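Add 1224 to the 1-based position in the sequence shown for my numbering, that's all there is to it.
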Amino acid sequence: MKPFRHCALVVLVAFSLPVTAADPVFSFDGQTYTDANLPAKLRQEFHSLALEMRAKQQQAIDNYVIETWLEAEAGKAGVTPREIQNRVFKVDVPDDAAIKAFYEQNQARMPGTLEQMREQIRQYLQNQQFREQVQALLARLKEEKGYAVLLAQPEAPRFSVNTRGYPAKGPENAPVTLVEFADYQCPHCKDAVPVMDRLVEKYGDKLRFVYRDFPINPSGISRKIAYGAVCADEQGKFWAYHDTAFARQAYLKSITPEMLAKEVGLDTGAFNTCYAKEATRKKVDESYAEGEALGISGTPTFFVNGRLVHASPDLEADLSRVIDASLKEAGSKE
């Protein structure tokens, strides 16, 4: 186990100073670019870098606070900081049963056999124990010592995300608009379906949820399903088609859009006519192109009132937090 070390906090803070919309960023070919007129993709990349730096700041400060606390406790006890560290962080060596259980739970992602992966799994489980104990100590220091990081989180840039003419739930004048860019073959997009339903129910007329196609899967299947969704929307049954397509996700390789149309009760003649139109393909293609221009590189991707949401595995909690903040912001402007 490595001892905690002081970090160069001044350097980290200096490199994360925010760029305002009017600040010049670079000049090229006689034009000066500010943050406000940078391409959306570049602004998103800047924001991602700012988030990475903020995470490094957090880690540096956490390490400094823990090291300072270890030194203080060592002084009280008349021992070395390393001795206090060894008392606080007690990492057990995982036994064979724990290693085997972890391997079996994650076998689909393992590149080798149990014997080949044994040492890596052991190290991973030990590191996991250590991280959990570090977080437990930080929680204790927050409660006992009032530890809090006061640096602001980088604010996501706001973009104008087109919602006109796309399937939506909720009133057009809702104070918060949640836009999802998704792919019908994306497993996480399927997982997001019930989350979106719960959020729509939770926030009622305060939230408008808009679905946008971003068929990123190279198979081309999700793009064909998306074309069908446009035609289902023409007949007022987009959400039935959408929900059925995600429910049948595992079988989309052998299911045609027309089969989905029949399943949800669409007029298949009108559906097939719509499906053959260039305008149908154009709508999906335009949705994808806008997603690319916004810097989207994976699905699902969410925007709340034009701001990209960087979601953790707890998608519902993350979106609820951002929606609540947006509602509060909207209320302050009234």
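Virtual Cβ for every residue (Gly too), placed ideally from N, Cα, C.
Since this is a predicted model, take the numbers as computed values, not measurements.
- prompt: Could you check where the beta strand (DSSP E) with Leu1431 kicks off and where it finishes?
  reply: Your numbering for residue 1431 matches position 207 in the sequence shown. Unbroken beta strand (DSSP E) run through Leu1431: 1431–1437.
query: So what does DSSP say about Phe1527, is it helix, strand or coil?
result: Within the sequence shown, residue 1527 is the residue found at index 303, counting from 1. In the structure shown, Phe1527 sits in a strand (DSSP, three-state: E or B).
- request: Give the secondary structure of Pro1248 by DSSP, where H, G and I count as helix, E and B as strand, and everything else as coil.
  value: As a first step, residue 1248 is located in the sequence shown; it is residue number 24 there, counting from the start. Correct three-state label for Pro1248: strand.
- prompt: Are there 16 or more other CB atoms within 10 angstroms of the CB of Arg1364, so buried, or fewer, so exposed?
  reply: Here residue 1364 is taken as the residue at index 140 of the sequence shown, counted from 1. By the neighbour-count rule (16 or more Cβ atoms within 10 Å), Arg1364 is not buried but exposed.
Under 8 Å between C-beta atoms of Val1400 and Ala1513: Looking up residue 1400 in the sequence shown gives position 176. Looking up residue 1513 in the sequence shown gives position 289. Going by C-beta atoms, Val1400 is not nearer than 8 Å to Ala1513.
message: Quick check on the DSSP output: what are the complete beta strand (DSSP E) runs of length 3 or more inside the segment 1368–1454, in order along the chain?
response: 1400–1406, 1431–1437
- prompt: In chain order, which continuous runs of the beta strand (DSSP E) of length 3 or greater are located wholly inside the segment 1283–1357?
  reply: none
- prompt: Who are Gln1255's beta bridge partners in DSSP?
  reply: Residue mapping note: residue 1255 aligns to position 31 of the sequence shown, counting from 1. DSSP, once it has assigned bridges, lists Phe1252 as partnering Gln1255.
- request: With distances taken Cα to Cα, identify the nearest neighbour of Ala1503 among Ala1284, Tyr1371, Gly1389, Gln1282.
  value: For the purposes of this step, residue 1503 is identified with residue 279 of the sequence shown, where counting begins at 1. Comparing Cα-Cα distances from Ala1503 to each of Ala1284, Tyr1371, Gly1389, Gln1282, the minimum goes to Gly1389.
query: Who are the near neighbours of Asp1316 in its chain, counting only those whose CB is closer than 7 Å to its CB and skipping five residues on each side?
result: By 1-based counting over the sequence shown, the position of residue 1316 is 92. Cβ neighbours of Asp1316 beyond the five flanking positions: Gln1353.
- prompt: Per DSSP, which one or two residues make a beta bridge with Leu1532?
  reply: What you label residue 1532 is simply residue 308 of the sequence shown in a count that begins at 1. BP columns for Leu1532 point to Phe1527.
Spatial neighbours of Ala1517 in its chain, beta-carbon cut-off 7 Å, leaving aside the 5 residues before and after: Numbered from its first residue, the sequence shown carries residue 1517 at position 293. The residues are Ala1264, Lys1265.
Cut-off 6 Å between Cβ atoms - residues of its own chain near Ala1450, not counting five sequence neighbours on either side: Looking up residue 1450 in the sequence shown gives position 226. Asp1437, Pro1439, Val1508.
- prompt: With a CB to CB cut of under 7 Å and the five nearest residues on each side skipped, what residues in its chain are close to Gly1519?
  reply: One-based indexing of the sequence shown puts residue 1519 at position 295. Correct list, in chain order: Ala1264, Lys1265, Gln1268, Glu1269.
task: Return the CA-CA distance between Gly1493 and Cys1455, expressed in angstroms with no decimal places.
output: Position 269 of the sequence shown, counted from the start, is the residue given in the question as residue 1493. Position 231 of the sequence shown, counted from the start, is the residue given in the question as residue 1455. Whole-angstrom Cα-Cα distance: 11 Å.
- request: Look at Tyr1408 and Phe1470 and say whether their C-beta atoms are less than 8 Å apart.
  value: As a working note, residue 1408 is residue 184 in the sequence shown. As a working note, residue 1470 is residue 246 in the sequence shown. The answer is yes: Cβ separation under 8 Å.
message: Which residue wins for smallest C-alpha separation from Gln1340, given the options Asn1310, Lys1324, Ala1541?
response: Start at 1 with the first residue of the sequence shown, and residue 1340 comes out as number 116. Comparing Cα-Cα distances from Gln1340 to each of Asn1310, Lys1324, Ala1541, the minimum goes to Lys1324.
field: Touch test, the segment 1481–1489 against the segment 1524–1542, Cβ-Cβ under 8 Å, three pairs minimum
entry: no
Three-state secondary structure (DSSP) of Val1488: Along the sequence shown, one-based indexing puts residue 1488 at 264. Of the three classes helix, strand and coil, the one that applies to Val1488 here is coil, per DSSP.
query: Are Cys1404 and Pro1248 close, meaning C-beta to C-beta below 8 Å?
result: Here residue 1404 corresponds to residue number 180 of the sequence shown, with the count starting at 1. Here residue 1248 corresponds to residue number 24 of the sequence shown, with the count starting at 1. In the sequence as presented, Cys is not what sits at residue 1404; that position holds Glu. Cβ atoms of Glu1404 and Pro1248: not closer than 8 Å.
task: Report the rounded CA-to-CA distance for Val1434 versus Lys1501, giving the unit in angstroms.
output: Taking the sequence shown and counting its residues from 1, the one referred to as residue 1434 is at position 210. Taking the sequence shown and counting its residues from 1, the one referred to as residue 1501 is at position 277. About 23 Å.
field: C-alpha gap between Ser1544 and Leu1423, whole angstroms
entry: The residue you call residue 1544 lines up with position 320 of the sequence shown. The residue you call residue 1423 lines up with position 199 of the sequence shown. Cα-Cα distance, rounded: 8 Å.
message: Once DSSP output is grouped into helix, strand and coil, what is the label at Gln1359?
response: If you number the sequence shown from 1, residue 1359 lands on position 135. Looking at Gln1359 - three-state DSSP - the assignment turns out to be helix.
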